[in-house]
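Worksheet: one structure, shown below.
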Amino acid sequence: MPPAATRSTSTGSPLTGWRRSRPSTAARATSSPSTGTVWRPWWSGSGPDAGRPSRRPRSSGEPPPPPPDEPAVNLLAVSHSCVVETNQRVYGELERELGRVDLVVPKRWFHEHTRGPLSPQRSSGFGGRILALPVLRPGSVQLHAYAASAARVLRRVRPDLLYIEEEPYSLAAVQWATAARRAGVPAVFYNAQNLHKRYPAPVRAWERWVWRSAAGAVCVSDTVRQALRRRGYAGRSWVVPLSVDVSLFQPEAADTALRDRLGLRRHVLSYLGRLVPEKGVLVALEAYRELARRADTSLLCIGGGPLAAELRRQEGVVVLDETPHADVHRILPLSDLLLMPSMTTPAWKEQFGRAAIEAMACGIPVVGSDSGEIPAILRATGGGVVVREGDPAALGDAISRLLDSERARRDLGARGRESVAARFSTRAVAAQLAAAFEEALRAC
């Protein structure tokens, strides 16, 4: 159990002591590194924060405005997923909502189904600093931890709020929650676990420590929030979904030359995700085989995993298992339908289904199973069809009906894209995150 600490009792919150303002474009360009750079700090006194003014105490009466370029809220986010530049885009929108956003990411990260390590790349839409730090056990979501001192990072950056975009049962979450509690910095953690799991005693202790140390939890769905409550969390929480950059994922982004290079047929059924049994890949393959009479259809699988070799041996199946996520927006628009045939297991069910909103942003209808959050997303957006999980015949029937009706595909695609732009765009989700973070600060 991490040692106890006393939360700071500083007067006022940033939101009550400061007028909400956003830095100008010129100010952001001056204070942020240029596009394409990633800051790897060495924590010297001449670092980017040297000379930065500290927050002034709140005075009586009307509070004075902040210094000209001082952001309304200074947010620091810790996120292993932001090694991938696409995942930084929502933080670019948060800069516009809050003021200043900096990211802590691993200097090196391994993904279970990709070859070689990933290194952080900057998104063109994000202007804050990226602190790329060494990580122990890079690639382990639960057991990775930063080799650098989290306390030292907090002292140098001096955030108003820390967002730990890691599950509360992870070692990284414990590390940063402990440092934030000792520094008196309010922290909010991320949660996507939608099952009522019973963890080993040490992991339960980690999770509960993060709960007690945090000012709130961001849950990706209401199902996740309910599961968190059932496990005993009684703190503040907000439901904020994952996001998609609708300016990147759009119908016009298709790489039409790639269709010819891959030898894709007239109709393309796509699958995006891990090539593992629980994602229903073999169900999709069986349904595709039943469509063998349709010699004009290809099955395109984008992702890596242990089933890649088996899929490659199938007639009409194309596997792209070395595709960076930054290239997915050029591939998805080649599809007529996206398949999401996920299977519920005792240890896992679909937590959100980001592939669904990425496909719908491209105007691609989705045929998904009734596992986890898939049906909730498809029914809320109107951008797809739900079938029974583990039923290749039902999946095949839905595919056939949609391939036979261009109008049905077009209508589903249009509804899905419109709804995703309104509900799941990086701008819409950033506004929800900003509201959650502001509420957390007001409560501290």
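Here our numbering is used: position 30 in the sequence shown is 30, and no number is missing along the way. All C-beta atoms, glycine included, are put in the ideal place defined by N, C-alpha and C.
Return helix, strand or coil for residue i, following the three-state DSSP convention.
i    : result
L76  : strand
T345 : strand
H144 : coil
R427 : helix
N87  : helix
G384 : strand
S123 : coil
C362 : coil
C82  : helix
S46  : Residue placement at S46 is poorly supported in this model, since its pLDDT is 34, which falls under 50; the coordinates still yield a value, given next. Coil, per DSSP.
A217 : strand
Y288 : helix
L275 : coil
F189 : strand
V246 : coil
L136 : strand
L195 : coil
L118 : strand
Looking at residue j and residue i, is the spacing between their C-beta atoms short of 8 Å?
i    : j    : result
I364 : L332 : yes
G128 : D102 : yes
G273 : G303 : yes
S270 : L338 : yes
A72  : L98  : yes
V246 : S425 : yes
A147 : V135 : yes
G416 : G383 : yes
F437 : L133 : no
S335 : V268 : yes
V319 : C301 : yes
L161 : L441 : yes
S237 : L248 : no
Under the assumption that residue i contacts residue j (Cβ atoms under 8 Å), give the Cβ distance between them as a whole number of angstroms.
i    : j    : result
L275 : D321 : 7 Å
E85  : A430 : Contact doesn't hold; Cβ gap of about 16 Å is too wide.
A177 : S213 : 4 Å
Y190 : I164 : 7 Å
L291 : S419 : Actually they are not in contact, since the Cβ atoms of L291 and S419 sit about 28 Å apart, beyond 8 Å.
V367 : V387 : 7 Å
L171 : L143 : 5 Å
P186 : C444 : 4 Å
E373 : E350 : 6 Å
Which residues bound the alpha helix (DSSP H) around residue i?
i    : result
P106 : Looking at the DSSP string, P106 is not in any alpha helix (DSSP H); the run it does join, the beta strand (DSSP E), is 99-106.
T323 : Per DSSP, T323 belongs to no alpha helix (DSSP H) and is neither H nor E.
S371 : Segment: none, S371 is in no alpha helix (DSSP H) and carries neither H nor E.
A201 : 201-213
A234 : No alpha helix (DSSP H) holds A234; DSSP gives it neither H nor E.
A254 : Counting along the chain, A254 falls outside any alpha helix (DSSP H), and DSSP gives it neither H nor E.
L228 : 222-230
L339 : Not the alpha helix (DSSP H): L339 falls in the beta strand (DSSP E), residues 337-340.
E310 : 308-312
Q351 : Careful: Q351 lies outside any alpha helix (DSSP H) and carries neither H nor E.
W109 : Element bounds for W109: n/a, residue is neither H nor E.
Use the C-beta contact count for residue i: other C-beta atoms within 10 angstroms, 16 or more gives buried, fewer gives exposed.
i    : result
A173 : buried
H196 : exposed
A398 : buried
A359 : buried
L433 : buried
D404 : exposed
L307 : buried
P202 : exposed
T297 : buried
E389 : buried
P324 : exposed
A180 : buried
S119 : exposed
R100 : buried
E112 : exposed
R225 : buried
R231 : buried
E406 : exposed
So the beta strand (DSSP E) residue i belongs to, where does it begin and stop?
i    : result
Y271 : 267-272
I130 : 130-133
L299 : 297-302
G396 : Run containing G396: none in the beta strand (DSSP E); it sits in the alpha helix (DSSP H), 392-403.
L161 : 161-164
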